[in-house]
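Some notes on the structure that comes next.
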Amino acid sequence: MEHPGPSLNQALRAPRLQEELQKAQQALCIDLDDFRQLEPAWVTRSLEESKQEPEKRSLIATAIFLGTAQACLKGSYVSESGQEVDCGHLVRPISCVHPPSSMPSVSLMKASNQKQQIFCSSCSDPLDVALQLARLPQCRRVAILRCTPLEAPRNLQRRYNHIYEDQIFLRTTYFEAFERLARDISVSPDTAIKEGSIVYTSGVGVLRGPLKDGVPWVDQPPQVDVAWFGLPAHPEIGEQEIYAQQADRDVVSAALDRAFSWACAHGADAIVLPAMCGVGGFRHPRLHFGGLVHEVARLHQRHLPVVCVASDNPVHRGVEWWNPFEEAVTKGRPVPPPLVHVPAIPLMTDRLVGKDSSTLLEKRRKQLGVWSTQGRTFRNAFV
Numbered sequence: 001m002e003h004p005g006p007s008l009n010q011a012l013r014a015p016r017l018q019e020e021l022q023k024a025q026q027a028l029c030i031d032l033d034d035f036r037q038l039e040p041a042w043v044t045r046s047l048e049e050s051k052q053e054p055e056k057r058s059l060i061a062t063a064i065f066l067g068t069a070q071a072c073l074k075g076s077y078v079s080e081s082g083q084e085v086d087c088g089h090l091v092r093p094i095s096c097v098h099p100p101s102s103m104p105s106v107s108l109m110k111a112s113n114q115k116q117q118i119f120c121s122s123c124s125d126p127l128d129v130a131l132q133l134a135r136l137p138q139c140r141r142v143a144i145l146r147c148t149p150l151e152a153p154r155n156l157q158r159r160y161n162h163i164y165e166d167q168i169f170l171r172t173t174y175f176e177a178f179e180r181l182a183r184d185i186s187v188s189p190d191t192a193i194k195e196g197s198i199v200y201t202s203g204v205g206v207l208r209g210p211l212k213d214g215v216p217w218v219d220q221p222p223q224v225d226v227a228w229f230g231l232p233a234h235p236e237i238g239e240q241e242i243y244a245q246q247a248d249r250d251v252v253s254a255a256l257d258r259a260f261s262w263a264c265a266h267g268a269d270a271i272v273l274p275a276m277c278g279v280g281g282f283r284h285p286r287l288h289f290g291g292l293v294h295e296v297a298r299l300h301q302r303h304l305p306v307v308c309v310a311s312d313n314p315v316h317r318g319v320e321w322w323n324p325f326e327e328a329v330t331k332g333r334p335v336p337p338p339l340v341h342v343p344a345i346p347l348m349t350d351r352l353v354g355k356d357s358s359t360l361l362e363k364r365r366k367q368l369g370v371w372s373t374q375g376r377t378f379r380n381a382f383v
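Under the UniProt record's numbering, residues 1 to 383 are what the sequence shown spells out, in order.
In structure tokens:
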């Protein structure tokens, strides 16, 4: 006999959600227990009204997460078309850990005969691109790269309140795997990330659509993989937007290479990653990072037909920021010309030499028409 699952009240007011549920209801004045019923129009309107209110935006993110969590607990939701969608088979993604010393065998990677496409998508979250790729006739298996700073406390927290950076938790079933990682991989996830491991999660269900549309429920939720790894937050940045230290460049390149390799080994034929510059606690050189993404993507062109960098974060929306970055990702960054350093022009004050008191006294005597000889002092007779 099939188990009916938790009752509606158990699903909507689960102990895990109680604190966030009460806070969101009071702060947002929502007279609602079932946050699955939040209208997309309410989400878009609330986000528009709270542009200058970060605290209210975090509460809106919490409200979205509550609806997603309740859908996972109950195993269903009602989509925009009025269709009841069963998501019970998507609520338990499986995770594994790949230590920093391990690389997959080439025999695990399936070669593709397709020409590789490297592109960027502005004003789109990686999840939006994943939804688009999943709807293509080729039915891509997409791996989303998730990167956090090695020292980030976010590696341990179970609160998802950043409306842009936490979309992987707000719109998918990934939080179910994230909150069980310590049991699934038999090691602290924070320790694994700090050691350079890759935490790979398969079977994550994408339940909601784009944030700009109010995160509507989707009719046919696709599954994606999530590859989580860490990078230094603030490497030293040199002139012309490059990594000042070769060691930092090598760390980023190696981490991307391993993430791409394990995604291919798990069967992914498309990778989508965020623009990890200036957000999430990262401060990496924009153009050099984009160039490294291009280099690593080309290394895997035989096995990886699609690579995309996407972002809907307001930090990246200006054409002055995005266009050069997009060119570096899609075409590679050309070697910048060497800088010509102009030597500093010495100021006159730098060449002044202090004089002793006897020299200054002799100068003053000459100005007054008096000069001294050995043992005698004369006044200029012609004055």
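Glycine is no exception: its CB is placed at the ideal position from the N, C-alpha and C atoms.
Can you tell me the Cβ-Cβ gap for residue i and residue j, rounded? I've got them flagged as a contact below 8 angstroms.
i           : j           : result
residue 272 : residue 129 : 5 angstroms
residue 304 : residue 116 : 7 angstroms
residue 335 : residue 293 : Not quite, the Cβ-Cβ distance comes to about 17 angstroms (not below 8 angstroms), so this is no contact.
residue 312 : residue 125 : 5 angstroms
residue 233 : residue 282 : 6 angstroms
residue 143 : residue 297 : Residue 143 to residue 297, Cβ: 13 angstroms. No contact.
residue 227 : residue 259 : 5 angstroms
residue 98  : residue 200 : 6 angstroms
residue 248 : residue 299 : About 19 angstroms separates the two Cβ atoms, so there is no contact after all.
Tell me the rounded alpha-carbon separation between residue i and residue j.
i           : j           : result
residue 165 : residue 205 : 18 angstroms
residue 64  : residue 197 : 30 angstroms
residue 319 : residue 135 : 29 angstroms
residue 73  : residue 91  : 8 angstroms
residue 169 : residue 95  : 15 angstroms
residue 239 : residue 77  : 51 angstroms
residue 194 : residue 180 : 18 angstroms
residue 138 : residue 114 : 11 angstroms
residue 255 : residue 231 : 8 angstroms
residue 346 : residue 191 : 53 angstroms
residue 308 : residue 161 : 25 angstroms
residue 207 : residue 173 : 8 angstroms
residue 212 : residue 225 : 23 angstroms
residue 251 : residue 221 : 35 angstroms
residue 38  : residue 48  : 16 angstroms
residue 119 : residue 45  : 31 angstroms
residue 28  : residue 112 : 50 angstroms
residue 278 : residue 133 : 26 angstroms
residue 301 : residue 106 : 13 angstroms
residue 209 : residue 310 : 15 angstroms
residue 16  : residue 177 : 15 angstroms
Under 6 angstroms Cβ to Cβ from residue i, same chain only, skipping five residues before and after it: list those, please.
i           : result
residue 163 : 57, 61
residue 333 : 287, 291
residue 79  : 85, 217, 219
residue 149 : 233, 281
residue 325 : 286, 290
Can you tell me which of the three DSSP states residue i falls into?
i           : result
residue 98  : strand
residue 218 : coil
residue 385 : No answer is possible for residue 385: the residues shown for the chain start at 1 and end at 383.
residue 150 : coil
residue 190 : helix
residue 174 : helix
residue 229 : strand
residue 119 : strand
residue 3   : Since pLDDT at residue 3 reaches only 47, below the 50 mark, its modelled position is unreliable, and the value read off the structure follows with that caveat. Coil, per DSSP.
residue 381 : Low confidence applies here, because residue 381 scores a pLDDT of 48, under 50, leaving its location unreliable; read the following figure in that light. Looking at residue 381 - three-state DSSP - the assignment turns out to be coil, as it is neither helix nor strand.
residue 26  : helix
residue 84  : strand
residue 340 : coil
residue 277 : coil
residue 68  : helix
residue 168 : helix
residue 37  : helix
residue 251 : helix
residue 267 : coil
residue 203 : strand
residue 358 : helix
residue 309 : strand
Leaving out the 5 sequence neighbours to the left and right, which residues in its chain are closer than 7 angstroms to residue i when beta-carbon positions are compared?
i           : result
residue 322 : 122, 316
residue 108 : 265
residue 202 : 93, 94, 225, 266
Just to confirm, does residue i get its C-beta within under 8 angstroms of one of the non-hydrogen atoms of the ligand HEM?
i           : result
residue 287 : Absent from the structure shown: the ligand HEM. Ligands present: none.
Go through its chain and collect everything with a Cβ distance to residue i's Cβ below 8 angstroms, but skip five positions before and after it.
i           : result
residue 24  : 30, 35, 59, 62, 63, 66
residue 295 : 253, 332
residue 42  : 214
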